[in-house]
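Heads up: the structure comes next, in structure tokens.
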Amino acid sequence: MVRLGEIFKRLRFRQVSALLALLLALPLGWKELTGFYAWLSPFILLNSIFGLKSVVFLNLAGLVVLVFVIVKKRWFCRKLCPVGLACDWASSFNSGKKNRIKKIPSIGKWLAIFSLAGAILGFPVFAVLDPTAIFNGFFGAFSHSSSLVVIISLAGFPVLLLIHLFVPGIWCTKLCPLGGLQDEVYRIKEFMVTQMKGDRKTASVSFGGRRLFLASGFGLVSGLFIPKLLKGETKPYFRPPGSVPKKYFDFLCVRCGSCIKTCPSSILIHHKDAEDAVSWMIPEISFEKGYCLEDCNLCSQVCPSGAITLFDTEAKGMLKIGLAEILPQNCLLTQNKECDRCKVACKYNAIKIDIHGPYDALPVINHDKCNGCGACFVICPAEAVRMKHLSSEL
Amino acid sequence: MKRRSFLTHALVAGSALTFGAGCIRKIEPAQTNERQADNPGNSPLSGASITEPARQIPILAETDVLVVGGGPAGVAAAIAASRAGAETYLVERYNHLGGLWTGGLVLPLLSTHAVDKNQQTKQVIHGLGGEMAKRLADMGMAIHEINPVVDPEAAKYVLDEMIRDAGVKMLYHTWGANVIMEGNELKGVFIESKSGRMAVLAKVVIDCTGDGDIFHWAGEQYDEMKYHIGLVHRLGNVDRIDKTKSGYVKMDIGGETPIQSVNWVNMHGEDNQDGVDMLNLSRLQMDYRRQVWENVQKIRQTPGHEEVFLLDTASQLGVRMSRIVDAEYKLTLEDTMTFRNFDDVIGISGAWTTMLYKGKKVRKRERPYWQIPLRSLIPKKTENLLVAGRCFSFERELVEDTRIIGTCLITGHGAGAAAGLAVRERQAVRNLDISKLRKLLVEQNVWLG
Ligand SMILES: Cc1cc2nc3c(=O)[nH]c(=O)nc-3n(C[C@H](O)[C@H](O)[C@H](O)COP(=O)(O)OP(=O)(O)OC[C@H]3O[C@@H](n4cnc5c(N)ncnc54)[C@H](O)[C@@H]3O)c2cc1C
Ligand code: SF4
Chain E
4 MVRLGEIFKR LRFRQVSALL ALLLALPLGW KELTGFYAWL SPFILLNSIF
54 GLKSVVFLNL AGLVVLVFVI VKKRWFCRKL CPVGLACDWA SSFNSGKKNR
104 IKKIPSIGKW LAIFSLAGAI LGFPVFAVLD PTAIFNGFFG AFSHSSSLVV
154 IISLAGFPVL LLIHLFVPGI WCTKLCPLGG LQDEVYRIKE FMVTQMKGDR
204 KTASVSFGGR RLFLASGFGL VSGLFIPKLL KGETKPYFRP PGSVPKKYFD
254 FLCVRCGSCI KTCPSSILIH HKDAEDAVSW MIPEISFEKG YCLEDCNLCS
304 QVCPSGAITL FDTEAKGMLK IGLAEILPQN CLLTQNKECD RCKVACKYNA
354 IKIDIHGPYD ALPVINHDKC NGCGACFVIC PAEAVRMKHL SSEL
Chain W
2 MKRRSFLTHA LVAGSALTFG AGCIRKIEPA QTNERQADNP GNSPLSGASI
52 TEPARQIPIL AETDVLVVGG GPAGVAAAIA ASRAGAETYL VERYNHLGGL
102 WTGGLVLPLL STHAVDKNQQ TKQVIHGLGG EMAKRLADMG MAIHEINPVV
152 DPEAAKYVLD EMIRDAGVKM LYHTWGANVI MEGNELKGVF IESKSGRMAV
202 LAKVVIDCTG DGDIFHWAGE QYDEMKYHIG LVHRLGNVDR IDKTKSGYVK
252 MDIGGETPIQ SVNWVNMHGE DNQDGVDMLN LSRLQMDYRR QVWENVQKIR
302 QTPGHEEVFL LDTASQLGVR MSRIVDAEYK LTLEDTMTFR NFDDVIGISG
352 AWTTMLYKGK KVRKRERPYW QIPLRSLIPK KTENLLVAGR CFSFERELVE
402 DTRIIGTCLI TGHGAGAAAG LAVRERQAVR NLDISKLRKL LVEQNVWLG
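Structure follows, in structure tokens:
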């Protein structure tokens, strides 16, 4: 026992934390806990709250961290951050030119403010730069077949480390929006303290307020204009049940890949429409391998950004992914073969076999009940079911 | 300066408060209580009844094993029991063996193959099922090696011969009419025929009626499954269709059979039908016969198809499912997807179609073979009773695999062997020595993995 205690004491908090983050980021079937570290990031938390004006239970984790971060300077960086640890480690290979970064302006806090301001209008522009998301996204990329997009999400983290071989320390001090956010919120405490002391002359509160003010202004403005700039004609694709509308999704989603990792049917893949770079790496449903299980809401449980709204499995019937459609010319019933697999597969009783007359049987799909789970598409032995996009997606 | 920076912070810190976080975000189900209206009962029974006077019933026989129902399961069960040394009676209400396979004109014997642990597709239906398929193939009366399609008359003939060779005592034109019980113990079955009501007493009864008539009468628990019911027919002269004729259009004329000029035509039929309601069956029978007739006329009127004719409609209405017994073990979809091993395995069946498992698609060519345990044939309550064929115990998700002819042949064979052994060893089927059963099955050529 004593030994264990000793070992525990010697382990540094951040190392243990990074190890835990690593474990939970791996696609190991953690279910609800998949990619849990993203929930601890106050940056994702605030983007999500500002964007959606609502919280979920797990946000408590982020809120607690937020309180710590306000009270203790860069608490997240020092105690929890796996990316910080990795960057420090990479930097340690380059001992010489630490002062090189002094000249570089710190843009992390601008990114943070810019994002949060945008978030108020639903467009947290730089939310994807959250380090926990980059970290989780890297491991998410292992769970599926490769594509250029997967390689990009795979690349984020190693590239970050690579940069540190040349410019040590740059991410945490200068670039990281989560780091920047921590610096900013810590000012709140300083501000309070000075206010309480009544010592109005203390310089500590003047910290480039004009620039930050501008950044938040820009964020707001870009939030206003982004929707208008986005092309309306990207190819529609199937998105997880409970997803917020596409234009918001593109920005809310932090590309952490947790949903992709956790999906038990393995139907979530990284979206990769060449025309639509804004939505690269966001989760897309492909019915190639399976369908969206009627009793599963894992993607909505693990989504730290709220891009996939938490939903009750009972509510799944009304969360439409798409719509199934029968192609009569392919259906085995038109050839009087033994089949009704689609009807049996449908968990929402949306499919009926209609008998129109002698030897004229055909499955009919009730589109009020169909939620586009894809079970009929997947099971149909004759490619007689097609998945249609919702008109709201077109 | 200060005001600006304060504003900035108000933005960062205050937005959460200003804009809310006022609500917990979760999509809940709408509170509607949608209930599907049940089919209104169409029973014409007035509620009035009459008491049948008690009477003495002659005992036709006291035998070792009695099999009721001569479908794929029943034939396999009777032959297996008889070959195991038991005196065996087989009761069939119609004039042929093979049940829906022959009399129902459902000609493809499906599920003969599946994938083994090394991802190799292999034949899994051996034993009596394999023997039947081989004999038919040798006669030129089965086509395709995997999932063979047979000629129904040839199959009836072969099954008769096999029953005769095995020394089974065959009772055609005889209905199983009720059970003879002593407490929970099944003692035999009342039968009904032109010769009147009689009793057959038996040490073990095997319910192969497809609809589970015996376990229903014995008061077992079961799941009622309403499914689609169809009427299959055959077309003759399909080799004389003249595709060159002007006005020719391709018509649906079903699938090929071993006889070149003959096709079989399946029928999906109406959904959600009660397969053990005589009035319903009568209505469907007449509706379907008319549909078949009219459809064939339509084909004959289509240029090029003039010589095609209706060879026959099936003599057994195609009741796919009706009752599923609650046995000591209910086979699950998971069992069939994971190479689940059972100590009391009685046989292995295969796969003929794609299935969904845990949200994932499992294609036919990837699907594992699956074991069937004896316990899924032993009803919970009644002693001396085994259930085989499409009404043994399984989860509904499995129905497409369990109701199929290949599986019925396997459960039939297993039940027959178990009954024969129980008689030989003077043991209850429930307490059977599993290792002996295994040995017997292997001797009888069943593949156990
Ligand atoms: C339209 C249709 C298409 C199908 N397509 C295929 C297919 O392509 N391939 C495939 O493998 N399977 C198919 N099936 C399923 C398969 O044919 C049946 O499930 C299988 O034959 C069942 O075998 P069984 O022995 O359990 O019962 P059955 O074949 O139903 O045999 C039961 C026998 O018991 C007799 N019987 C019933 N009650 C009594 C009683 N009280 N007294 C005396 N005798 C009784 C009946 O007359 C019958 O002969 C299809 C089924 C239908 C209806
Ligand atoms: S599963 Fe496909 S082929 Fe079968 S009934 Fe449905 S649509 Fe037709």
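First to last, the protein sequences are chains E and W.
Going by our numbering, the first residue of the first sequence is number 4, and it counts up by one from there.
Going by our numbering, the first residue of the second sequence is number 2, and it counts up by one from there.
Heads up, the beta-carbon is just placed ideally off N, CA and C, and yes, glycines get one too.
Just so it is clear, the structure is predicted and the values come from calculations on it, not from any experiment.
Judged by DSSP secondary structure, H217/W falls outside any beta strand (DSSP E) and instead within the alpha helix (DSSP H) spanning D214 to W218. Secondary structure note for L91/W: its beta strand (DSSP E) is the uninterrupted segment T89 to V92. Put simply, the CB of K437/W is far from chain E, with every gap to its CB atoms at 8 Å or more. Per DSSP, F71/E is one residue of the alpha helix (DSSP H) stretching across N62 to V74.
With a threshold of 7 Å, the Cβ atom of P73/W counts as near ligand 1, since some heavy atom of the ligand is closer than that. According to DSSP, residue pairing for Y289/W in a beta bridge does not occur. With distances taken between CA atoms, A385/E lies nearest to C345/E out of V74/E, R77/E, S268/E and C345/E. Not one heavy atom of ligand 2 is found less than 7 Å from the C-beta of C266/E. If you look at H234/W, you'll find it in the beta strand (DSSP E) that goes H234 to G237. Any Cβ of chain E closer than 8 Å to the Cβ of A420/W would place that residue at the interface, and such an atom is absent.
Counting other Cβ atoms within 10 Å of its Cβ, H167/E reaches 16 or more and is therefore classed as buried. Look at F46/E: its C-beta is not under 8 Å from any C-beta on chain W. Scanning its chain for C-beta atoms nearer than 8 Å, with the 5 sequence neighbours on each side dropped, one finds around S44/E the residues G65, V68, F79, D133, P134, T135, A136, L181 and P307, in chain order.
A85/W places its beta carbon less than 8 Å from that of L441/W. The beta carbon of F117/E sits closer than 8 Å to the beta carbons of V128, F129, A218, S219, F221, G222 and S225 from its chain, once the five residues preceding and following it are set aside; these are given in chain order. V70/E is outside the set of residues whose beta carbon lies under 8 Å from a beta carbon in chain W. Flagged as an interface residue toward chain E: R26/W, by a C-beta distance shorter than 8 Å. Taking the CA atoms as reference points, V257/E sits about 11 Å from I311/E. At least one heavy atom of ligand 1 is found less than 7 Å from the C-beta of R94/W. The distance from the Cβ of K362/W to that of G293/E is about 5 Å, consistent with a contact at the 8 Å cut-off. Under the 8 Å Cβ criterion, the segment 124 to 142 of chain W counts as touching the segment 73 to 90 of chain W, having at least three qualifying pairs. Chain-order list of chain W residues neighbouring A378/E: L357 and G360, by C-beta distance under 9 Å.
Just measuring C-alpha positions, the residue of K112/E, Q338/E and S51/E sitting nearest L178/E is K112/E.
When the Cα atoms are used, I260/W and M142/W turn out to be separated by approximately 8 Å. For T337/W, the distance from the CB to the nearest heavy atom of ligand 1 is not below 7 Å.
Taking the beta carbon of I356/E as reference, the chain W residues within 8 Å of it are H229, H269 and D272, listed in sequence order. Going by DSSP, H414/W is part of the alpha helix (DSSP H) stretching over I406 to E426.
For M390/E, the uninterrupted beta strand (DSSP E) run begins and ends at V388 to K391, by DSSP.
Taking CB atoms only, S246/E has no neighbour in chain W less than 8 Å away. In the three-state scheme derived from DSSP, where H, G and I count as helix and E and B as strand, E335/W is classed as helix.
Within chain W, the C-beta atoms nearer than 8 Å to that of D315/E come from K27, I28, E29 and P30, in chain order.
Excluding its 5 nearest sequence neighbours in each direction, V86/E has C-beta neighbours in its own chain below 6 Å: P134 and F138, listed in chain order. In terms of Cβ geometry, V239/W and V309/W form a close pair [threshold 8 Å].
Not a single heavy atom of ligand 2 lies less than 7 Å from the C-beta of I358/E.
Interface with chain W (8 Å Cβ-Cβ cutoff): D343/E is included. In the DSSP assignment, F191/W falls within the beta strand (DSSP E) that extends over E186 to S194.
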